[in-house]
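Numbering (the numbering used here), first residue to last: 1209 to 1497.
Right under this line is the structure:
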């Protein structure tokens, strides 16, 4: 960590390889951290699959000399749908096959490390699994075990939080892990990235009409698709509370997810003008006209 501190003073450039798990709840924060380190003059190699890299937001022109994207293709797997390269491309019951496929990246990652010799490797739980499990074993290995193996094998743990937000928990993790625990901040996406979304001006205009702290925001991450019962109960609860809301709803996980879920009949009409329900899958549309 002394080397990183020196570089912040302009004394040394580090080469940092970043290897996030194949889920956009990991890819986007990793990219934000990569941009912050690139802005300090460090050389960053961001490693993922071609489709995931193509779906990342563009980086500022000033950072391009410092940030390189390395595309590594997933091995083909019988039970993994074609072109499925992240958890958002798959129903929940098929994510295990993505983990098995990611374990198959061991050789290309090893080749990169041998030829590039980065100073630091920032990785997620699945990368450590590449060194620990065979493909035949991977399906039975729990996420908890993979994460524990990653923490055991690393030199330091970087966490997306801050001492201002969670001081007690960070102190506890330092004691439990017995190695440096480094808060990276909350890593919010830049406002410029939101501005590139064609729907953002309309969304921002709607939000600006409401007082600060008055809109209920509902989102459960890119991997959580509710059941029909959960969807119905949440929708009716929002309707009953009468508060303005912005709801990001995952209604489909990949092209092979054929389990349909629908908003309650008449929900859009009854909440028109009150809130937005934005579908990240395919079928749900904005409730706000």
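The C-beta atom is built at its ideal place from N, Cα and C for all residues, glycine as well.
- Within the region 1226-1281, the runs of beta strand (DSSP E) that reach at least 3 residues and sit entirely inside it are, in chain order, 1251-1256, 1275-1279.
- Under the three-pair Cβ rule at 8 Å, the region 1443-1451 does not count as touching the region 1271-1287.
- Nearest to residue 1369 by C-alpha distance, out of 1383, 1396, 1242, is 1396.
- If you compare the alpha carbons of 1269, 1233, 1319, 1277 with that of residue 1262, the shortest gap goes to 1277.
- By the Cβ test, the region 1425-1444 is not in contact with the region 1405-1416, since fewer than three Cβ pairs between them sit closer than 8 Å.
- In the same chain as residue 1242, and ignoring 5 residues on each side of it, the C-beta atoms closer than 7 Å to its own belong to 1226, 1252, 1254, 1275, in chain order.
- Under the 10 Å beta carbon count, residue 1388 is surrounded by fewer than 16 other beta carbons and is classified as exposed.
- Here residue 1457 is bridged, per DSSP, to 1487.
- For residue 1315, the number of other beta carbons within 10 angstroms of its own is below 16, and it is reported as exposed.
- For residue 1329, the three-state secondary structure derived from DSSP is strand.
- The C-alpha of residue 1432 lies about 19 Å from the C-alpha of residue 1445.
- Assigned with DSSP and collapsed to three states, residue 1360 falls in helix.
- Residue 1288 is positioned such that its CB atom lies no closer than 8 Å to that of residue 1295.
- At the C-beta level, residue 1233 and residue 1464 stay beyond 8 Å of one another.
- Following the DSSP letters along the chain, one finds residue 1426 inside the beta strand (DSSP E) bounded by residues 1424-1426.
- Excluding sequence positions up to five before and after residue 1381, its CB lies within less than 8 Å of the CB of 1365, 1367, 1389, all in the same chain and listed in chain order.
- Here the alpha carbons of residue 1466 and residue 1454 stand approximately 25 Å from one another.
- One Cα belongs to residue 1324, the other to residue 1352, and the distance between them is close to 30 Å.
- When DSSP reads this structure, residue 1223 sits in a beta bridge with 1251.
- Partner residues in a beta bridge of residue 1469, as assigned by DSSP, do not exist.
- Burial is judged here by how many other beta carbons sit within 10 angstroms of a residue's own beta carbon; residue 1471 has at least 16 and is buried.
- In the structure shown, the three-state DSSP call for residue 1375 is helix.
- Counted as a single uninterrupted DSSP element, the alpha helix (DSSP H) harbouring residue 1303 occupies residues 1303-1311.
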